[in-house]
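Written out below as structure tokens is the structure these notes cover.
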Amino acid sequence: MGDSESTEYTFLEYVNMRLVMIYTEDTDFSGETPGMGDSESTDRTVRTDSTGNANYVQVTFTMGPQYQPNTLGGSDLIPLDSVRAGRGTFFDSTSLEHLCTDYTDDATFGLYSFDGDVSDFNDMVGQDCGPKSAMCASPDTVPDQFVSFNIPLGFEVFDGQASSQLNNNIFVDFVVNAIDTDARDKDVTNPNGGQAPWQMKTTLTASIPIVDGGINIFCDGFTAKTDLKDVANVDIVVGSAADKEELTRLRILQDIASTDLDVVASSRIDTPSIESGLMTLVIKGNESYFDLVGNTGVTVELEDVITIHVMEDNGSGEDTTVAGQVLTLLRAPPDDNTNTTGLITDGYNLNGAFMFTIDRESQRAHLEPRSALTDICPFNPPRP
């Protein structure tokens, strides 16, 4: 935030400004924003679409404790017909527009060609994720001596305007009309002749540059997802090898993380190794992922491993039934544990068999079996 002001005399203090941008909320991150078409998206990410964003400028200032709004004769602290705003490199009074007059007349409004309907603007400001700020609302009282005034600018006014050279600015200009309560009891012979010292007026002229990081954005959202098969390939090596030559003779089940749980025929796994009962899980990073910009220093770490062992009896009997039940659980769809209020903090269900439990304090997630799985397969069963 930043501001500048120019007045020869003023009873205002601590003048400040901020720029506000509001997007149309994306409630499902399906890749489309309702009524807006495709969202901004890249591979494995979806971000709220910024098209049609609404913009306004907020001006705040304080007054001394003896000053109150001048509402005599239907006047306001900030007369709306005095409120003007514009965009440019230098202040140019002739290019400023009476935005509050157009806004309160329920007309199409907005700076220059960045105009739109008042109802559309109000709908965006009033979203659950929005600031819900009142526009062009001059306060009747200022009990804390703090004044906040919002001037609607229109739509997409800030797009493509951010400059480190500070050559794109928003300008505002309006009258502040107050009463000095300490001077009101003095005798007045000719108020219209300037002999009413308790009537105070000043013009506030201020500006703020449009810069990267200098805009308050509401209703922006970003979601990203990466599956294991996008990051790494997973193999299982059966047996052990002393060197590369022996490794080539072992049975290797390749790319087991991308099977999508397809049905495969049961078969005996043989391997030319003295340790044929040894299985090694190999996780190999996907070069195309780790070479992406921003992924420098990223590594693959194995956090948790859970294995399911079903001791089949020649493909028949009770164990075969258990194997079918387990496969059904593994094929169950995932559940991200969200509802209308957002993320439920007890974890993420990968399928019917496994889930991630989330530790918010340590910012870690751990793989655990779900109760449906432990009901048919005891977890860490004791030796017989």
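The opening position of the sequence shown corresponds to residue 977 in our numbering, with each subsequent residue numbered one higher. A virtual CB, placed ideally from N, CA and C, is assigned to each residue, including glycine. In this text, all values refer to a predicted model and were calculated from it rather than measured experimentally.
About 11 angstroms separates the beta carbon of Ile-1282 from that of Leu-1326, a gap too long to meet the 8 angstroms contact definition. By the neighbour-count criterion, in which 16 or more other beta carbons inside 10 Å mark a residue as buried, Tyr-990 falls on the exposed side.
Linking Ser-1095 to Val-1258 through their CA atoms gives a straight-line distance of about 59 angstroms.
A distance of 8 angstroms or more separates the beta carbons of Asn-1153 and Pro-1041. Distances from the CA of Ser-1071 to each of Ala-1061, Thr-1077, Thr-1080, Tyr-1079 were compared; the closest alpha carbon is that of Ala-1061. For Asn-1153, the uninterrupted beta strand (DSSP E) segment begins and ends at 1145-1156.
Here Gly-1092 has Thr-1084, Gly-1086, Gly-1130, Phe-1131 as same chain residues with Cβ atoms under 7 angstroms from its own Cβ, once five neighbours each way along the sequence are excluded. Annotation: Leu-1053 to Phe-1134 spans about 28 angstroms, alpha carbon to alpha carbon. Taking the Cβ atoms as the reference, Val-1123 lies roughly 5 angstroms from Phe-1037, within the contact range of under 8 angstroms. The C-beta distance from Phe-1266 to Val-996 rounds to 39 angstroms, too long to meet the 8 angstroms contact threshold. In the DSSP assignment, Asn-1098 falls outside any beta strand (DSSP E) and lies within the alpha helix (DSSP H) extending over 1094-1101. Separation of the CB atoms of Val-1210 and Ile-1127 is rounded to 57 angstroms, and the pair is thereby denied contact status at 8 angstroms. Proximity to Met-1100 across Gly-1064, Ser-1026, Thr-1065 peaks at Ser-1026, based on C-alpha coordinates. Residue state for Glu-1132 is assigned as coil, using DSSP reduced to three classes. The residues Leu-1056, Val-1059, Cys-1112, in chain order, have a CB closer than 6 angstroms to that of Cys-1076 in the same chain once the five nearest residues on each side in sequence are set aside. Residue pairing of Thr-1038 in beta bridges, as defined by DSSP: Glu-989, Phe-1122.
The C-beta separation of Arg-994 from Asn-1192 comes to about 6 angstroms, placing the pair in contact by the 8 angstroms criterion. Using a 10 angstroms sphere on the CB of Ser-1114, the tally of other CB atoms reaches 16 or more, which defines it as buried. For the 8 angstroms CB-CB criterion, Pro-1354 and Phe-1330 do not form a contact.
Comparing alpha-carbon positions, the option among Gly-1328, Gly-1323, Thr-1275 lying closest to Gly-1300 turns out to be Gly-1328. For Leu-1343, the enclosing beta strand (DSSP E) has its first and last residue at 1340-1345. For Tyr-999, the closest of Gly-1050, Val-1187, Gln-1103 by C-alpha to C-alpha distance is Gln-1103.
DSSP places Lys-1260 within a strand segment (E or B) once states are collapsed to three. Taking the Cα positions, Gln-1137 is about 12 angstroms away from Gly-1190.
Take the alpha-carbon of Arg-1307 and the one of Val-1298: they are about 14 angstroms apart. DSSP links Arg-1227 through a beta bridge to Val-1214. With fewer than 16 neighbouring CB atoms inside 10 Å of its own CB, Ile-1232 falls in the exposed class. For Gln-1121, the closest alpha carbon among the candidates Tyr-1043, Tyr-1079, Arg-1340 is that of Tyr-1043.
Contact annotation: Asn-1262 and Val-1213 have beta-carbon atoms that are not nearer than 8 angstroms. DSSP places Gly-1062 in the strand class (E or B) of the three-state scheme.
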